[in-house]
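One structure is given below, encoded as structure tokens.
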Amino acid sequence: MSCAHAPACINDQIVKTGCYCLNESAVNQYTNLFCGDHTLGVRSDSDEQLIIHLAFLQTFKLSSVSFGIPGDDTCPATVKLFANVNNLGFSDATDKPATQEVQLEPTEGSPNTVTINLQAAKWQRVESLTIFIENNHGAETTYLHSLKVFGTPVHGTNVANISSAGCC
């Protein structure tokens, strides 16, 4: 019998105190991505670039990321995903090779959800995910409606589950 679990949304496993977003609008902050209301979201502030860093409660094998995107030129275009890279700044994100890079295209209607399947070999033991939106489709700012991360836990990595039973 297999113990493997199907990938599930792990947004409830995000450690809020370990997360941040760089260049977010004061009105449309990244925490809106997880509230379930597609009318809210995150918008970049001074230009089209955004960095969203998510820390997880435990180690995961990530399988996909879903982006809720608008159907206009504020839609992210080039998105770089980084596994286990902390304190990433804009110059680092531009120069550093991504764990995976994707291109997103706006489609008619709003909101639209685009799911990116991750390359399995590169996403085996992930404790944090950093998303760098490098550019969009020509707008001054970038907008994202929602974000969902999917994966399965890597067993034995949640410190809260360690039991002292049977110890000395």
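With the UniProt record's numbering, you'll find the sequence shown wraps up at 168, consecutive numbering, no jumps. No residue lacks a Cβ here, since even glycine has one placed at the ideal position from N, Cα and C.
Linking A26 to Q49 through their CA atoms gives a straight-line distance of about 15 Å. Restricting attention to E108, A139, T142, E127, the CA atom closest to the CA of P153 is found in E127. As for any beta strand (DSSP E) of minimum length 3 sitting wholly inside the stretch 20 to 83, the runs are 20 to 22, 50 to 69, 78 to 83, ordered along the chain. DSSP places Q119 outside both helix and strand once states are collapsed to three, so it counts as coil. Ranked by how close their Cα comes to the Cα of G68, the residues L88, S44, F34 have F34 in first place. Under DSSP, I10 takes part in no beta bridge, so it has no partner. In the three-state DSSP reduction, T99 falls in the coil class, being neither helix nor strand. In the three-state reduction of the DSSP assignment, T130 falls in the strand class, which pools E and B.
Across the structure, V42 and P70 are spaced so that their CA atoms are roughly 11 Å apart. For A77 and S44, the gap between their C-alpha atoms comes out near 14 Å. Taking the Cβ atoms as the reference, H137 lies roughly 6 Å from P106, within the contact range of under 8 Å. At a Cβ-Cβ threshold of 9 Å, F56 and Q13 count as neighbours. When the beta-carbon positions are compared, L88 and L118 stay at least 9 Å from each other.
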